[in-house]
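Participant:
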Amino acid sequence: MALFDRKDREEDESAKETEIERSIRALGSKDWEKRQEAAIRLSGAGKPAIVHLLKALNDDNALIRTGAAEILGTYGEPAIPTLMKLLVTGKERVRDGAARAIGQNGEKAINPLKEALESDNYKSRRGAALALGYLDYLGNEITQLLVQALLDKNQEVSRQAALSLSNMKWVPANNRQAALFFYGLEDYEKLSKTGKDGVIVLSADLKNPDPKTRKKVAQTLKKINSDDAAKPLTVLANDSDAGVRHAAIEAIGEIKDPRLLPYLVKALDDEDPSVRVEASWSLEKSGWKPSNNNEKARFLMVKERWADLVQMRENAVPTLVTGLCNQNPAIRIKCTEVLRAMGSIGYAAINDAMKSSDPVLKKAAIEAASRIKEKDSLSAEKKKTSQKEEKESKDESLEEQLKRQKASMAPKDTKTEEGWMRRLQACGIEGERKIKLAKALSDKNEVVRSAAIENLKQSGIITTDCLLYLLLDKKDNVRVAAIESLGDLKSTKAAPYIAKTLTDKNLNVRMASAHSLGLIQEPKSIPSLIRCFSDPNRELRKEAASAVSKMGNSSLPYIKKSLESSDLDARITALESLGKIADPLAISLAVRMLNDSEYDVRSSAVITLRSMSDQMFNALMDEARRLRVQGNVIEKNGIIVVLAGIEDLRAREVLAEFTADSNEKVRNKALELLGGEAVTATVKTPAGTAPGKAGDDIDKLISELKSGDVMVQMGAVEKISVLGDKAIKPLINSIDDKNPEFQNLIAEILTGMGDPAVKSMIRELKTGRPPVKIILAQNLAKIPEKRTIKALCEVLYEEKDPMVRMVAAESLGFIGDQQGLEALIYTVNNDEDSRVKNAAIISLGYFKDPKAINTLITVLDSKDHFMCKKASDSLKNSGNEAIPYLLDAMSSGTHNRSHIAHALEALSWVPETERDIIFYLAARDNWDEIERIGEQAIEVLAELQNDKDPEFRASALEMIERIGGDASVQPLILALGDNSAPIRIRAENALLERGKTVVPYLEQAVADTEAPNIRTFAMKILKKLES
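Position 314 of the sequence shown, counted from 1, bears residue number 314 in the UniProt record's numbering, the numbering being contiguous throughout.
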């Protein structure tokens, strides 16, 4: 019998367990009565239900977790010890459930929680802070315990205390409490507004082991308007982490405290390049002036103003010699190049360093001397080769020349160990390391090659050329490793090559390219990244958006054009990129997208605008108020949704202003999102036939496009797209509307309607009204075909309205096709409207073509300062390709040398030869430095006497006269033939002062010269000398 009794009991218990499990599942029902019944059953089940209820605290269903916690709370004081253990050992959801259950025990739970707050185990203290949040109904005692917990040294405890207080809607009683509270919540924006108390709280984290936390401290101190912020920033400026130092230096630059300038100067020598650059920017913004030549040279070195260092001559030598020992190979190379450019002064300094007792300096100087010797040898060989090729080319056919050029450009020995040995040596890698790397990089195993790339990267920026060769590797993994390494090195030289790999067939290569370009932050790569916005892969689009946003406001013109794309993904990705750029213009661009015909784009615009509230809250509120007055219904409803999603009372105040709007829909939307009751409006939907029927009234559909109701508008767009060609002519006619938003919408619809619509748009571009032409010229840029480019070119040649021509010029630059180059050059040279010219100048910057570059150089001669600035910026966009043309122009004597010098500086150019240096110094009007060069400068000064500017020729002549010596006599005689009388007189007087020593030269000139003026004046001087 006992056996049967036991079996019956086991069956009863099994049935009871099944009933408990069913009841727990019922706690997740959406039916309130079912949940209530299940709770009653579980409360009465007693101890057998406890284990199941505790497990239920970790259930995925929030209703089950909440119900289980409430039932456990009814078990009273005996359950508290178990629940307290769960606060320490349980996962996040279990801890929260246990806290809820404890919270139902009222005053009985206070003492155990007080004890937990005193525990040495931070998890106990954290759990207590969580549970106290559910006891807020007990009043002030609970609040005080949590306020005290804000002081806990463990960040997880103070954070939980802050979260509990936040859930209780607690308001800090003073600034000190506010600082602790916002620190716990990690709301650094509000923390920055607590002044001195905020500084005290943040200072506790100056030695936090997490560099991300220390970096956040620096970024927050930057925003605190208090003198007390200076001291902690000086500590962070010496932090061991480069990212923290960078943030501290940036903050010091922002607060502009003169006492902190020495820290910025010190940071010019920081081992991290980003810190050095930030320090130089901050010093420049502060208006700082170097107190000595060493400071000036260090500053110029960081700013990569190498030509200015050449100009400093011996004053820069000590800093440059020190730079030869720099850990960064790129700096060592540049210092060597500048010393080489200085000629005898630089060579003497390197020779002295080679005799130094310091072994490190001695080794660095020997390395520099070797590099200079190699560079001089290459220059001589290049000159010899150039002369040979010039001679050969005279006898070659065009076909043979092209074949030879192609062969010279083909990569040689790219895979062999010997080829890598030569390449590595050219990059400054020598000895045993060069041998090992060459072997690894030529290995057939891709894993070995990839590992070697990581090793190669350790040598720094100097390895760029080697890494660029690896972009040609056939294996995806090797290309990815090379791209990532170039990104880590922040190699701006590599940017255009990496940009080309964004079209690689392999997704991982494209992802690595986008990421690396984001690290390099070279603005020239923006157009290539923007093209990725249409890539079918979501992750790549996201990576490209992140990279573009890191370029700051320089990317806004490109993002703007992407927002006008017909591709849905491109517009959404452009908005994602826009959300991370702290520029008020970004807000305006995002607001426009609230009008987009696609729901997903409008939703993305709302998300983007909300994200902007973190960095540009005031600017966003100003834009919302502008829209309240000037916006259309769609924009108003969109910004209302944006404001409703911002957790800031000031945003709700602006939102409340829309409840008084003149439009009923806007008022209702604002009231609804504020939690009030909206007035029910009867919206009469325009009647229409089913989409696709021939009887659709196109005029009615076009009128629906103007509707403030987005759904009506979208419906009209869909019906029009179904009508096809029949809708084109009415749409073209309606584009004459005066509302620019409506015009843009029509143009976008037409852009997506195919060949017949494009033909109609081109025809209307020739015959329409100017406002219509402007809209069409903008939108035809989205269709980069031969016929659209031709139409835009014709606008530049024939259109009378300057605004239409200006937009056409912008569109041709956006397209960037060679077909538009001649029209843009014509516009720069012939258009009389400066706005049109400037647009064409900017567009030419996208063409790395000799014709475009030479046209831009011609613009540098303009007296219009703004136009010269635009040309200089465009030449910078052309990159190193522009340097040879600028050098030719600087030495030609027919261009504005000063403007050319500034353009070269913008390209971080370093003079290669003494001749380049002299031309550069003359362009900068730095004649004293030329005089210090001595007789070596006379040959170039003689060339300068051919300049079109008589004042410039006079300065060159004066310098020849001051340098003196035998070499100066011949240029002085040639100056006798100058068409400027003052120059001739000065040359004559200079020769007379030399006395009879010049007689042989004058006699030779009389005998040999064919220039009558020179012969006449030479004879005149000879007679005076004889008498």
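Backbone N, C-alpha and C define an ideal beta-carbon position, used for all residues, glycine too.
Could you give the distance in angstroms between the alpha-carbon of Ala247 and the alpha-carbon of Ser811?
Facilitator: Roughly 39 Å between the two C-alpha positions.
Participant: How many angstroms separate the CA atom of Asp205 from the CA atom of Asp197?
Facilitator: Their backbone Cα atoms lie some 14 Å apart in a straight line.
Participant: Rounding to the nearest angstrom, what Cα-Cα distance links Tyr188 and Lys212 in this structure?
Facilitator: Rounded to whole angstroms, Tyr188 to Lys212 spans 13 Å at the Cα level.
Participant: May I ask you to report which of helix, strand or coil DSSP gives Glu832?
Facilitator: The answer is coil: DSSP assigns Glu832 none of H, G, I, E or B.
Participant: At what residue ranges does the region 630-668 contain a whole run of the alpha helix (DSSP H), taking only runs of 4 or more?
Facilitator: Correct list: 633-644 and 649-657.
Participant: Can you give me the Cβ contacts of Ser968 inside the same chain, cut-off strictly under 6 Å, excluding the 5 residues immediately before and after it?
Facilitator: These residues qualify, in order along the chain: Ile938 and Ile960.
Participant: Exposed or buried, which one is Val654 when buried takes at least 16 other CB atoms within 10 Å?
Facilitator: By the 10 Å Cβ count, Val654 comes out buried.
Participant: Can you tell me the Cβ-Cβ gap for Ser516 and Glu484, rounded? I've got them flagged as a contact below 8 Å.
Facilitator: Sure, about 6 Å apart at Cβ, within 8 Å.
Participant: Taking the continuous alpha helix (DSSP H) assigned at Leu437, which residues delimit it?
Facilitator: Here the alpha helix (DSSP H) through Leu437 covers Gly431 to Leu441.
Participant: Quick test of the definition: if touching needs 3 or more C-beta pairs under 8 Å, does the region 905-918 touch the region 878-887?
Facilitator: Touching, per the Cβ criterion.
Participant: Spatial neighbours of Val666 within its chain, please: C-beta separation below 8 Å, excluding the five flanking residues on both sides.
Facilitator: Within the same chain, Val666 has close Cβ partners Val633, Lys636, Asn637, Ile640 and Phe658.
Participant: For Ala582, which residues from the same chain have a beta carbon less than 7 Å from its beta carbon, with the 5 sequence-adjacent residues on both sides left out?
Facilitator: Counting only Cβ-Cβ distances below 7 Å, and skipping sequence neighbours, we find Gln615 and Met616.
Participant: Can we say the region 473-481 touches the region 337-357, given the rule of at least three CB pairs closer than 8 Å?
Facilitator: The region 473-481 vs the region 337-357: no contact.
Participant: With a CB to CB cut of under 7 Å and the five nearest residues on each side skipped, what residues in its chain are close to Asp567?
Facilitator: Hits under 7 Å: Ser534.
Participant: Nearest to Lys870 by CA position, among Ala840, Arg259, Leu796 and Gly184, is which residue?
Facilitator: If we check each option's Cα against that of Lys870, Ala840 comes out closest.
Participant: For the alpha helix (DSSP H) containing Val606, list its first residue and its last residue.
Facilitator: From DSSP, the alpha helix (DSSP H) with Val606 extends over Tyr599 to Met612.
Participant: With distance defined between alpha-carbon atoms, name the residue in Gln311, Gly487, Phe952 and Asp473 nearest to residue 1101.
Facilitator: Nothing about residue 1101 can be read from this structure; the chain reaches only from 1 to 1027.
Participant: Given 8 Å as the limit, is there contact between the region 923-940 and the region 316-331, that is, 3 or more CB pairs closer than that?
Facilitator: Short answer: they don't touch.
Participant: May I ask which residues mark the beginning and end of the alpha helix (DSSP H) holding Pro802?
Facilitator: Start and end: Pro802 to Ile815.
Participant: Are the CB atoms of Leu575 and Ser549 within a distance shorter than 8 Å?
Facilitator: Not in contact: Ser549 and Leu575 (Cβ atoms no closer than 8 Å).
Participant: Using only CA atoms, which one of Asn140, Ala129, Ala727 and Tyr134 lies nearest to Leu151?
Facilitator: When only C-alpha atoms are compared, the closest one is Ala129.
Participant: So, under 8 Å CB-CB, Asp241 and Arg214 are touching, yes? Tell me the CB distance rounded to an integer number of Å.
Facilitator: That belief holds up - the Cβ atoms of Asp241 and Arg214 are roughly 7 Å apart, short of 8 Å.
Participant: Beta-carbon within less than 6 Å of Gly139's beta-carbon, same chain only, minus the 5 sequence neighbours each way: which residues are those?
Facilitator: Hits under 6 Å: none found.
Participant: Please work out which residues of its chain come closer than 6 Å, Cβ to Cβ, to Asn175, disregarding the five sequence neighbours upstream and downstream, and give them in chain order.
Facilitator: Hits under 6 Å: Thr194 and Asp197.
Participant: Excluding the 5 residues preceding and the 5 following Val804 in the sequence, name in chain order all residues of the same chain whose CB lies nearer than 7 Å to its CB.
Facilitator: Around Val804: Pro770, Lys773, Ile774, Ala777 and Val795.
Participant: What are the start and end residues of the alpha helix (DSSP H) that includes Asp873?
Facilitator: Where Asp873 is concerned, the enclosing alpha helix (DSSP H) stretches over His865 to Ser878.
Participant: Could you check the C-alpha separation between Asp96 and Ser124 for me, to the nearest Å?
Facilitator: Straight-line Cα distance between these residues: approximately 13 Å.
Participant: By DSSP, does Gly579 sit in helix, in strand, or in coil?
Facilitator: Three-state DSSP puts Gly579 in coil, outside helix and strand.
Participant: With 16 as the cutoff for other CB atoms within 10 Å, does His895 come out buried or exposed?
Facilitator: Flag for His895 reads buried.
Participant: Give the straight-line distance between the Cα atoms of Asp622 and Asn238, rounded to the nearest whole angstrom.
Facilitator: Roughly 39 Å between the two C-alpha positions.
Participant: Could you compute how far the alpha carbon of Glu522 sits from the alpha carbon of Asn877?
Facilitator: If you take the alpha carbons of Glu522 and Asn877, they lie about 10 Å apart.
Participant: Could you say which of Leu502, Glu271 and Lys334 lies nearest to Leu300 if we only look at CA atoms?
Facilitator: Among Leu502, Glu271 and Lys334, the Cα nearest to that of Leu300 is on Lys334.
Participant: Kindly indicate which three-state DSSP category Gln818 falls into: helix, strand or coil?
Facilitator: Note: Gln818 maps to helix in three-state DSSP.
Participant: Which residues in the same chain as Leu165 place their Cβ atom closer than 6 Å to its Cβ, once the five residues preceding and following it in sequence are excluded?
Facilitator: Cβ neighbours of Leu165 beyond the five flanking positions: Leu146.
Participant: Are the region 828-840 and the region 585-594 touching, with three or more C-beta to C-beta distances below 8 Å?
Facilitator: Flag = no, the region 828-840 and the region 585-594 do not touch.
Participant: State buried or exposed for Ile252, treating a residue as buried only when at least 16 other CB atoms are found within 10 Å of its CB.
Facilitator: Buried: at least 16 other Cβ atoms inside 10 Å.
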